[in-house]
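Here is the structure we will look at.
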Amino acid sequence: MSNSRDIRALRELISRRFPEAVARSLPEHGVLPSGIAELDSLLPEGLPRGALTLVTGGPSSGKTGLALAFAASMTREGGSLAWVHGGAFSAPSADHSGVDLSRLLHIQAESRDEALRCADFALRWQAFHLVVLDWHWGGGSGAAWNRLHRLVTGGVSALLVLTPPLRAGSPLLYCASVHLRASRQGLGDSSLGEIELELMKSRFQAAGVSATLRYGEVAGAPFALLPDLPGLGQAWNEDREK
70 MSNSRDIRAL
80 RELISRRFPE
90 AVARSLPEHG
100 VLPSGIAELD
110 SLLPEGLPRG
120 ALTLVTGGPS
130 SGKTGLALAF
140 AASMTREGGS
150 LAWVHGGAFS
160 APSADHSGVD
170 LSRLLHIQAE
180 SRDEALRCAD
190 FALRWQAFHL
200 VVLDWHWGGG
210 SGAAWNRLHR
220 LVTGGVSALL
230 VLTPPLRAGS
240 PLLYCASVHL
250 RASRQGLGDS
260 SLGEIELELM
270 KSRFQAAGVS
280 ATLRYGEVAG
290 APFALLPDLP
300 GLGQAWNEDR
310 EK
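In terms of this note's numbering, the sequence shown opens at residue 70 and continues consecutively.
In structure tokens:
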């Protein structure tokens with residue numbers, strides 16, 4: 070957040086769109102399932118609330134698609150979502166994936182520090198079942214990740230962090246309760262390929278297991294490769310300069 074006016078603007082927008090701490094008021098469930106059996110099998114039946122889940126992978130590895138699968142399932146059940154990012158966000162793609170855009174707040178951050186502060190505020194507000202931090206900057210201080218880890222631990226939200234591959238010893242690897250590594254396989258002229266997922270770390274079950282998801286072939290879930298369309302935005306940024 071660049072100044073106190075910006076934090077007030079974000080607070081006012083969340084208050085207007087999410088007038089209550091809705092994540093507190095809805096029934097307590099320990100996880101947010103994606104509805105995709107192969108994916109949920111690598112987790113404690115879904116994204117654990119009160120924990121930081123990390124998905125790492127290179128460009129086009131499927132990280133965003135995985136996050137949209139969780140977001141679609143969760144918003145269908147009446148949950149709310151904050152998506153913090155520093156790049157492109159496609160509202161049409163989210164809508165096509167089944168995400169209820171009326172339950173989505175997307176926040177475009179201008180810097181690494183602003184993204185961390187926005188995620189911090191979204192977790193403190195306790196209005197969101199799921200906070201997605203699409204983290205393309207790399208790195209980040211141990212103090213910053215430890216602060217987010219403390220905020221989410223034992224709370225009502227799930228924190229899902231999407232990043233490029235991290236170096237060994239990264240503080241984020243230490244703070245994550247779950248670490249999934251994603252990669253794309255089998256791309257061809259007539260094939261959208263597959264997402265290969267490996268469970269690298271989990272405090273809920275044994276690591277080392279993997280699963281394969283085929284684009285467009287996951288029963289019961291709107292899981293497909295989506296075009297990079299311009300975001301239509303329900304964003305904090307739209308109100309910042311007003």
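Cβ coordinates follow ideal geometry from the N, Cα and C atoms, glycine included.
Every value quoted in this text rests on a predicted model; they were computed, and no experiment measured them.
Bounding residues of the alpha helix (DSSP H) (the contiguous stretch that carries W214): Taking the sequence shown and counting its residues from 1, one reaches residue 214 at position 145. Start and end: G211 to V221.
Which word fits G238, buried or exposed, when buried means at least 16 other C-beta atoms lie within 10 angstroms of its C-beta? Looking up residue 238 in the sequence shown gives position 169. Result: exposed.
Is the region 151-169 touching the region 210-219 in the sense that three or more CB pairs, one from each, lie closer than 8 Å? The region 210-219 is not in contact with the region 151-169.
Is the region 192-205 touching the region 143-153 in the sense that three or more CB pairs, one from each, lie closer than 8 Å? Verdict: yes, contact present.
Considering just the uninterrupted stretch of the alpha helix (DSSP H) at W194, what are its terminal residues? Within the sequence shown, numbered from 1, the residue matching residue 194 stands at position 125. Its alpha helix (DSSP H) spans residues R181 to W194.
Rank S103, R86 and W204 by C-alpha distance to the C-alpha of G155 and give the top, closest one. Translated into positions along the sequence shown, residue 155 becomes position 86. From the listed residues S103, R86 and W204, the smallest Cα separation to G155 is found for W204.
Could you tell me which of P117, D109, S129 and P102 sits nearest to L228, measuring between CA atoms? Along the sequence shown, one-based indexing puts residue 228 at 159. Minimum Cα distance to L228 is reached at P117.
Quick check on the burial criterion: 16 or more other C-beta atoms within 10 angstroms. Buried or exposed for S180? Looking up residue 180 in the sequence shown gives position 111. Label assigned to S180: exposed.
Could you tell me the boundaries of the beta strand (DSSP E) in which A140 lies? Numbered from 1 along the sequence shown, position 71 holds the residue referred to as residue 140. It is not in any beta strand (DSSP E) - A140 instead sits in the alpha helix (DSSP H) that spans K132 to R145.
Inter-residue Cα distance where the pair is P240 and A138: Working through the sequence shown from its first residue, we reach residue 240 at position 171. Working through the sequence shown from its first residue, we reach residue 138 at position 69. Cα to Cα, P240 sits roughly 27 Å from A138.
How would you label V221, buried or exposed, when you count the other beta carbons within 10 angstroms and need 16 or more for buried? In the sequence shown, residue 221 corresponds to position 152, counting from 1. V221 counts as buried, since no fewer than 16 other beta carbons sit within 10 angstroms of its beta carbon.
Could you tell me the distance, in whole angstroms, from the CA atom of G126 to the CA atom of V153? As a working note, residue 126 is residue 57 in the sequence shown. As a working note, residue 153 is residue 84 in the sequence shown. Straight through space, the alpha carbons of V153 and G126 are spaced by roughly 18 Å.
Consult DSSP for I105 and reduce its assignment to one of helix, strand or coil. The count along the sequence shown starts at 1 and reaches residue 105 at position 36. Here I105 sits in coil by DSSP.
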